[in-house]
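Peer 1: Going by full-length UniProt numbering, the first residue of the sequence shown is number 1, and it counts up by one from there.
Note that the Cβ used here is the ideal one computed from N, Cα and C, for glycine as well.
This is the structure I want to talk about, given as C-alpha cells.
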Amino acid sequence: MVKNNNSYWNRSVHTKLSYWFVVIAVSIELFLGLRNSTTSFGQLALIEASFGFIGIIFVDWMHGQRFTLSYKRIKFKRSKNLFIRAMTCFIVIAIIQFVFQIIPLITSTEMAMAIIFAAVCEEYFFRGMMMEPFFRFGRTSKDKFELFRGKKISYIELFGILFSAVAFAAFHVNYYKNERLIGMVFVGGLWIAFCYWYWKDITIVIIAHAILNAIFVIQFYQVFLP
1 MVKNNNSYWN RSVHTKLSYW FVVIAVSIEL FLGLRNSTTS FGQLALIEAS FGFIGIIFVD
61 WMHGQRFTLS YKRIKFKRSK NLFIRAMTCF IVIAIIQFVF QIIPLITSTE MAMAIIFAAV
121 CEEYFFRGMM MEPFFRFGRT SKDKFELFRG KKISYIELFG ILFSAVAFAA FHVNYYKNER
181 LIGMVFVGGL WIAFCYWYWK DITIVIIAHA ILNAIFVIQF YQVFLP
C-alpha cells in the first residue's frame, strides 16, 4: 500500500509496462479512428485516443512531470506485487461481469482490437485524470474515517471514487445503450476506482481492465462465431 505523502506527488506514475501500454494504445486507437473516421466506431476510437493522451499529460502534470517519448529520461515507478494486485482487481470485476452476464456486440476485428486497447486509455482518463485531483485535496483533509486495518479515506477521496465510476458508466451509455451493461460498468468502475485509490498504481488497473476486455472479445467469438 502506498501512503499519500509528498513523495507520491514528486515521481512518475509510469512503470515501464504502463508507459508502453499507453503509447501503443493511443497509437492504435488513433490509427483505427482515422481509418474509420466517417463511422461512429471511428469517432469513438478517436475519443479513446484523446482520453489516453489527455489523461497521461494531466497525470504527469499533477506529479510534476512532463510527458516525453524519450524513454531514457523517464524515472519509472516500481510496482510492488504487480501480478497479485492486478489479479485481485481483475477477479472481482470478472465476478461482476459474470453476475450481469453481458457480452458486448463486436462487428469487426478492428472493433475487437479497439475494445482491448480502450482499457488503457480509459484508465488514464477516468482513474488517473479524474481521481488524482481528489487524491491531492484529500491528503490534507482532516475529515477522514477509518475504512479497515488503519487505512483512512477522506470524504473527498470517497466522492472521487464515486465520481469516477459515474462518469465511466455514463460514457459507456453511448457504446451500448443497455441498462444492464451500464449497471455492470458502474459497479465494476467503483471497484476499479477503489483499487486505484488503495494502491495508487495505474498499471494494476490497466492490466485488470485490459484482461477483462480481452475476455469480452473471446466470449463474443465463442458465443456468436462458433
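(1) Would you say the segment 20–38 touches the segment 88–100, given that touching needs at least three Cβ pairs under 8 Å?
(2) Determine which residues share a DSSP beta bridge with Ile-153 and list them.
(3) Quick check: what's the CA-CA separation for Tyr-19 versus Phe-125?
(4) Does the beta carbon of Met-131 sit closer than 7 Å to a beta carbon anywhere in chain C?
(5) How many Å lie between Gly-138 and Ile-106 at the Cα?
(6) Please confirm whether Glu-122 and Met-62 have their CB atoms less than 7 Å apart.
(7) Throw me the rounded Cβ distance for the Val-26 and Gly-52 pair, which I believe falls under 8 Å.
(8) Check for me: the alpha helix (DSSP H) holding Phe-126 runs from which residue to which?
(9) In three-state DSSP terms, what is Ile-106?
(10) With respect to the alpha helix (DSSP H) encompassing Thr-39, which residues constitute its N-terminal and C-terminal limits?
(11) Rounded to the nearest angstrom, what separates Lys-75 and Ile-156 at their Cα positions?
(12) Of all the options Ala-112, Ala-165, Met-184, His-209, which has the alpha carbon lying nearest to the alpha carbon of Phe-100?
(13) Is it true that the CB of Val-13 sits closer than 7 Å to the CB of Val-59?
(14) Can Gly-55 and Met-129 be called in contact, C-beta distance under 7 Å?
(15) Are the Cβ atoms of Ala-208 and Phe-83 separated by less than 7 Å?
Peer 2: Based on what the coordinates show:
(1) no
(2) Phe-145
(3) 14 Å
(4) Absent here is chain C; the protein component of the structure consists of one chain.
(5) 40 Å
(6) no
(7) 4 Å
(8) Here Phe-126 belongs to no alpha helix (DSSP H), and DSSP marks it neither H nor E.
(9) coil
(10) Per DSSP, Thr-39 belongs to no alpha helix (DSSP H) and is neither H nor E.
(11) 29 Å
(12) Met-184
(13) yes
(14) yes
(15) no
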